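Trainee:
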Amino acid sequence: MAEYSGWIIRNGHITANKFTELFDMLQNAARKSGLEVKLVKHHELVPVIENGSPVLKGKYSNEKPDFILFWDKDVRLARHLENMGFRLYNSAQAIENCDDKSLTHQVLSKYGISMPKTITSPLLFPNCDLTDFTFYQYVEEELGYPFVMKEVYGSFGMQVYLVRNHSEFMEKVNQLKHKPHVYQEFIQSSSGKDIRLHVVGDEVVATMMRKSESDFRANVTNGGKMYQYTPTEEQAALAVKSAKLLGADFAGVDLLFGENDEPIICEVNSNAHMKNILSCTGIDVSEFIMDYIYKDLEAKR
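With my numbering, letter number 236 in the sequence shown gets 236, and the count goes up by one each step, no holes.
Printed below as a string of structure tokens:
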């Protein structure tokens, strides 16, 4: 019997193969690391605040896992579990910091991390409409054209748009006005090219370059190609530092190439997919994650 038992919490409403394959990888890696894990759907856990204290009701209410690998973005559930005393990998705060792209840049901005010039959209309540466009004039003056608009919640390069002129800008403003989003400087030197570095603990364990000949986004989902890549010391150091500042035990860090190839933070993903990096490099990042969890549990005994 394994020394430690835990849960892998996933979103129970997502059934696509690329997610189920991912959870198979994590379960297999856990067994190799001497961990016993159970796959738990997030909606099977009923977080209740009762008599002023957090408790769990439902299917697993009587279980007490030694650890929880939280592979979802339901930060409210994650925080509830932490309030009950469970150790989560990643923490609720790390997931929130990474999932909200505006928050990612705000947290990192306290530490002088290299990133594109970024402007956060103003809040517009759903029952309101725009009456003053002065803010958007400042965006145009600050960034010039083209620039990038990103919804703060999104994955696989989706919800990311290149804005080339005023007409396109106003069209996107109207489309996204009730959704939180950011406006970012377009890094021309990295158009259609970036690198994904998987960080676990204090090290980069796998890296690949992504290139697209047809899109400013390099994501494989959007047609980008994968290439093996050895990061420079500067790139690896920036990826590790950024993941740690965001509080992540592990993360997929996306870096852009500046004018002189200086690394620039694009995004940090708290639960990055690992199938593509495995196909590209032959490295199973899930094994590093599970080894990290086992060693961390041992260190805290």
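Backbone N, C-alpha and C define an ideal beta-carbon position, used for all residues, glycine too. All values reported here derive from a predicted model rather than from experimental measurement.
Who are ILE119's beta bridge partners in DSSP?
Mentor: According to DSSP, which records beta bridges pairwise, ILE119 is partnered with TYR183.
Trainee: Does the Cβ-Cβ distance between GLY34 and GLU63 come in under 8 Å?
Mentor: no
Trainee: Using only CA atoms, which one of ASN127, VAL148, GLY112, LEU162 lies nearest to THR120?
Mentor: The option with the nearest alpha carbon to THR120 is VAL148.
Trainee: Per DSSP, which residues does THR207 bridge with? Please list them.
Mentor: LEU197
Trainee: For the putative contact between ILE293 and LEU69, defined by C-beta atoms under 8 Å, what is the C-beta separation to the nearest angstrom?
Mentor: 7 Å
Trainee: Give a yes or no on contact between the segment 165–178 and the segment 255–263, applying the rule of three or more CB pairs nearer than 8 Å.
Mentor: no
Trainee: Using DSSP with H/G/I as helix, E/B as strand and the rest coil, what is ALA237?
Mentor: helix
Trainee: Would you report the Cα separation of LYS18 and THR221, rounded to the nearest angstrom?
Mentor: 12 Å
Trainee: Using DSSP with H/G/I as helix, E/B as strand and the rest coil, what is LEU45?
Mentor: strand
Trainee: If you count every other CB in all the chains shown that lies within 10 Å of the CB of VAL268, and 16 or more means buried, which is it?
Mentor: buried
Trainee: Per DSSP, what are the beta-bridge partners of ILE68 in this structure?
Mentor: TRP7, LEU88
Trainee: Compute the beta-carbon to beta-carbon distance between ARG79 and ALA92, rounded to the nearest angstrom, for a pair I have assumed lies under 8 Å.
Mentor: Between ARG79 and ALA92 the beta-carbon gap is near 4 Å, inside 8 Å, which marks them as a contact.
Trainee: Could you tell me whether the segment 210–219 touches the segment 189–197, where touching means 3 or more Cβ pairs closer than 8 Å?
Mentor: yes
Trainee: Distance, Cα to Cα, GLY201 vs ASP249?
Mentor: CA-CA distance, GLY201 to ASP249, rounds to 5 Å.
Trainee: Looking at the structure shown, is GLN175 part of a helix, part of a strand, or coil, going by DSSP?
Mentor: helix
Trainee: On the DSSP bridge assignment, give the partners of TYR227 in chain order.
Mentor: MET209
Trainee: For GLU267, name the three-state secondary structure that DSSP assigns.
Mentor: strand
Trainee: Can you tell me whether SER286 is helix, strand or coil according to DSSP?
Mentor: helix
Trainee: Would a C-beta distance cut-off of 8 Å place ASN97 and LEU88 closer than the cut-off?
Mentor: no
Trainee: Quick check on the DSSP output: the alpha helix (DSSP H) that includes SER102 runs from which residue to which?
Mentor: 101–108
Trainee: Whole angstroms are fine: how far does the CA of ALA251 sit from the CA of ASP99?
Mentor: 11 Å
Trainee: Would you kindly check if the distance between the Cβ of PRO116 and the Cβ of ILE187 is under 8 Å?
Mentor: yes
Trainee: How long is the line joining the alpha carbons of LEU130 and TYR136, rounded to whole angstroms?
Mentor: Answer to the nearest angstrom: the Cα atoms are 11 Å apart.
Trainee: Taking the beta carbon of GLY112 as the centre, do at least 16 other beta carbons fall within 10 Å, making it buried, or is it exposed?
Mentor: exposed
Trainee: Would you mind working out which of ALA299, LYS295, LEU278 sits nearest MET25, comparing C-alpha positions?
Mentor: LEU278
Trainee: As a quick exercise: from GLU141, GLU259, ALA206, LYS73, pick the residue whose alpha carbon is nearest that of SER155.
Mentor: Cα-wise, what sits closest to SER155 is LYS73.
Trainee: Distance check for VAL139 and LYS364, CA to CA, integer angstroms please.
Mentor: In the structure as shown, the chain starts at 1 and stops at 301, and residue 364 therefore has no counterpart that could be examined.
Trainee: As a quick exercise: from VAL199, SER189, VAL205, pick the residue whose alpha carbon is nearest that of LYS211.
Mentor: It is SER189.
Trainee: On the criterion of 16 or more Cβ atoms from any shown chain inside 10 Å, does GLY6 qualify as buried, or is it exposed?
Mentor: buried
Trainee: Would you tell me roughly how many angstroms separate the C-alpha atoms of SER286 and HIS166, rounded to the nearest one?
Mentor: 44 Å
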